[in-house]
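Structure record follows, encoded as structure tokens.
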């Protein structure tokens with residue numbers, strides 16, 4: 001019977017949409033299961049075959065859990081704010097909302113074509129005002145919260161104000177920017193402006209001067225992951241370090257909880273390691289070094305206070321405020337030049353460049369508080385202002401970078417320990433601390449020496465023991481247009497939140513998407529973007545009088561704002577009274593399975609964990625962590641094609657002749673190759689782009705053969721394969737099965753369209769099991785034991801594979817089972833019905849059609865998954881290979897119930913064995929039950 005995949009797939013996709021098959025109910029007595037894909041960004045290029053890999057895996061698991069009787073939440077939405085749409089708007093003048101809508105329409109069309117079981121009724125988009133209203137609401141709650149270290153959670157700012165009114169800062173244990181000290185009386189007598197200024201020091205969303213990645217060409221701040229090699233990832237424009245007043249989120253308050261929470265999560269270990277490293281917990285001491293001839297001191301954090309006697313110089317971050325104060329006139333030009341050079345590097349670049357050290361001498365010295373020796377003070381980009389105190393005491397015998405720096409600038413390298421003669425050359429992290437400079441550390445272990453030094457530092461009142469974290473607060477402002485407006489207005493220079501009743505603060509129209517002539521962000525171009533405090537509404541900008549009408553914040557939120565809580569909105573997407581009802585967040589709880597890319601390890605996953613913990617602290621949700629189990633899918637790689645252009649010409653030389661010329665290797669669109677081969681269609685190439693119109697070719701055997709290489713699938717590499725084309729030729733079920741068949745989910749693997757024919761052949765074989773020629777024919781006759789064995793072997797394997805996310809081996813098992821049933825000429829209902837259910841999570845369209853042909857009016861989706869009956873897997877007879885002196889001589893079939901002794905006796909009595917023995921007695925007989933018999937004669 002002809003398998004018409006196009007007709008079948010259109011039919012069932014229409015059925016699912018009309019019947020709302022995958023719409024999830026919140027009112028049910030079923031256990032819940034929440035399956036989620038990482039938030040997709042709808043780019044203009046649409047999907048290529050690499051994108052659906054994780055979606056197919058999550059969809060298989062969602063369908064499987066429905067078959068198991070779970071109430072499954074499997075939603076979809078779009079992370080639809082972002083820089084790409086804004087850059088396109090700048091280039092074309094087209095509003096980002098228009099292009100974003102077009103991109104989403106294209107994405108949705110493609111996703112529906114692949115047959116995903118999404119609950120489309122819950123779709124969210126971060127750029128919809130109905131969604132970002134609640135992103136703004138969460139920001140306001142963060143602004144009106146502080147972190148109480150005594151209770152170890154966020155609390156309403158009102159509890160902090162109450163503490164100030166009763167005790168001032170006495171007994172306060174808070175996460176804050178600066179250490180403040182005042183009495184209750186001083187608080188009460190402070191002006192409203194001063195009080196607001198003090199509270200900004202504690203708020204979880206606060207404004208402060210911060211060093212940022214500033215891209216002048218884009219007119220915006222960029223996140224670290226948007227910068228590569230000192231240039232913007234988008235456009236390749238130079239990026240500089242610049243100090244700006246920015247909104248920040250106090251994620252550092254949650255560092256310890258974020259670290260401890262990792263132990264409760266079922267995540268890949270490399271991802272946990274990345275977060276642990278990013279948070280960067282370290283224990284040590286904070287120590288003050290006085291600056292010679294100044295009233296200033298340099299404070300350092302060190303994990304090795306026991307090595308302070310070996311400190312021979314000090315290094316400050318170029319951004320450290322002390323640099324201006326202590327740099328001498330003689331060194332000012334050198335220092336300023338170095339700071340200018342450093343501004344062109346991102347923090348990530350500075351952290352990763354471990355071998356190349358550079359710096360400049362400030363001309364000043366600090367005094368070592370233990371040895372009283374003078375230590376020169378340098379600046380270097382390997383010290384970061386955001387980590388510790390922005391200064392390090394350099395111990396070149398114990399730290400590799402310090403050692404390189406000392407060598408470069410010819411500074412003293414003082415050996416600290418006696419136990420390793422070659423510590424300077426061999427070890428930069430010695431765990432022995434027998435200090436030759438101090439009697440009170442000699443003979444102590446590393447831990448004992450560290451503890452004694454911390455006690456001595458505190459005793460001398462020059463510092464204290466402390467725990468430090470590498471993680472810094474997250475910069476929240478972006479000088480862009482296409483993002484969530486920040487619901488803040490400014491009165492007397494102080495930020496105030498809009499009332500919740502005024503939300504959403506909608507993104508205003510602007511004439512251009514670039515910064516204003518005064519350098520303000522794009523929202524500065526808006527004509528209606530000011531806050532009328534009296535009438536509680538947004539009004540024309542030219543009405544600002546700073547009496548009743550005030551300016552609104554012109555920065556927008558970063559891309560991660562909306563994606564930090566979207567998993568909660570899916571639980572109650574149409575709620576207009578809150579981001580989600582408490583009873584629904586209680587019911588759905590954590591995401592049970594989250595699938596997405598590993599590139600989000602230290603961005604989205606940390607921010608969403610932070611926001612989740614905050615919302616729990618304030619009582620809006622009850623679960624500690626957002627994502628219980630997480631899987632990072634690998635990439636599907638593309639097979640790129642290259643042509644070789646002879647330098648200075650428009651001549652292109654075939655692959656094997658390229659070494660005879662000086663050439664440039666150029667990507668060429670894989671669609672220009674003939675029939676999936678390596679041969680270039682030269683005429684199509686000439687028509688591809690105007691600059692190739694007069695191309696000339698040097699051929700081999702009359703053909704132009706391209707070079708091929710496996711790379712990341714990308715539009716820029718012209719190696720993308722459109723899933724629409726695959727669905728057209730091989731069907732969505734063919735695409736789904738093939739992507740799973742390529743290899744383990746977590747690994748990257750190359751795409752080869754030719755491999756689809758094997759999977760498509762399997763689907764046709766599977767289809768034809770249910771037909772006798774062109775006639776649908778399924779028998780109600782009881783299956784044989786052999787047929788049941790095939791079915792239950794498959795059930796056992798597939799259940800194991802799905803629960804262990806080994807989807808590729810399941811597809812292999814389907815092929816084996818269908819081949820065996822075909823050999824058995826099986827057309828029994830009791831085999832073919834459960835077979836359709838087992839395969840349906842992977843290939844839902846064909847299985848829905850077969851289920852319908854089997855006489856069922858309801859969807860196969862909610863049919864109970866077949867249960868394993870191990871009895872069908874028990875063998876009645878075992879065929880034993882019999883080996884004599886290591887060589888297999890014959891086979892014998894015996895009952896599976898026989899003991900080893902019975903097997904031994906029956907083998908010896910077998911005529912073939914008697915003939916081999918020729919009357920001899922075996923020296924040794926070894927029976928491996930159900931496996932083999934070995935005889936030594």
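Numbering (UniProt numbering), first residue to last: 1 to 937.
Just so it is clear, CB atoms sit at the ideal spot from N, CA and C, and this is done for glycine as well.
Span of the alpha helix (DSSP H) around residue i
i: residue 276; result: 269 to 279
i: residue 469; result: Taken as a continuous stretch (DSSP letters only), residue 469 belongs to no alpha helix (DSSP H), being part of the beta strand (DSSP E) at 463 to 469.
i: residue 409; result: 400 to 409
i: residue 349; result: 347 to 352
i: residue 645; result: Looking at the DSSP string, residue 645 is not in any alpha helix (DSSP H); the run it does join, the beta strand (DSSP E), is 636 to 646.
i: residue 768; result: 756 to 768
i: residue 704; result: It is not in any alpha helix (DSSP H) - residue 704 carries neither H nor E in the DSSP assignment.
i: residue 102; result: 96 to 113
Close beta carbons around residue i, own chain, < 7 Å, minus the five adjacent residues each side
i: residue 222; result: 213, 215, 232 and 239
i: residue 936; result: 885, 922, 923 and 924
i: residue 743; result: 749 and 808
i: residue 504; result: 129, 132, 133 and 136
i: residue 952; result: In the structure displayed, the chain extends from 1 to 937; residue 952 sits before or after that span and is not available.
i: residue 522; result: 480, 481, 510, 513, 514 and 515
Cut-off 6 Å between Cβ atoms - residues of its own chain near residue i, not counting five sequence neighbours on either side
i: residue 59; result: 116 and 117
i: residue 817; result: 790 and 794
i: residue 926; result: 934
i: residue 374; result: 365
i: residue 863; result: 837
C-beta atoms of residue i and residue j nearer than 8 Å
i: residue 1025; j: residue 391; result: Absent from the structure is residue 1025, since the part of the chain shown begins at 1 and ends at 937.
i: residue 981; j: residue 167; result: There is simply no residue 981 to check, as the chain begins at 1 and stops at 937 in what is shown.
i: residue 149; j: residue 190; result: no
i: residue 650; j: residue 694; result: yes
i: residue 91; j: residue 234; result: no
i: residue 122; j: residue 587; result: no
i: residue 754; j: residue 467; result: no
i: residue 280; j: residue 469; result: yes
i: residue 360; j: residue 377; result: no
i: residue 197; j: residue 494; result: yes
i: residue 874; j: residue 907; result: no
Simplified DSSP state of residue i, which is helix, strand or coil
i: residue 19; result: helix
i: residue 928; result: strand
i: residue 217; result: coil
i: residue 558; result: coil
i: residue 148; result: strand
i: residue 699; result: coil
i: residue 3; result: coil
i: residue 813; result: helix
i: residue 297; result: strand
i: residue 204; result: coil
i: residue 527; result: coil
i: residue 387; result: coil
i: residue 286; result: strand
i: residue 664; result: strand
Opening and closing residue of the beta strand (DSSP E) in which residue i lies
i: residue 539; result: 537 to 539
i: residue 246; result: 240 to 249
i: residue 883; result: 877 to 884
i: residue 375; result: 374 to 379
i: residue 920; result: Taken as a continuous stretch (DSSP letters only), residue 920 belongs to no beta strand (DSSP E), as it is neither H nor E.
Nearest-angstrom Cβ-Cβ length linking residue i and residue j, presumed shorter than 8 Å
i: residue 476; j: residue 757; result: Rounded, the Cβ-Cβ distance is 51 Å, inconsistent with contact.
i: residue 45; j: residue 147; result: About 42 Å; that fails the 8 Å criterion.
i: residue 154; j: residue 617; result: 4 Å
i: residue 549; j: residue 532; result: 5 Å
i: residue 278; j: residue 471; result: 6 Å
i: residue 614; j: residue 142; result: 7 Å
Sequence-distant residues of its chain with Cβ nearer than 8 Å to residue i (five each side left out)
i: residue 824; result: 784, 786, 787 and 790
i: residue 834; result: 791, 795 and 866
i: residue 713; result: 48, 49, 50, 635, 636, 637, 638, 719, 720, 721 and 751
i: residue 920; result: 937
i: residue 20; result: 121
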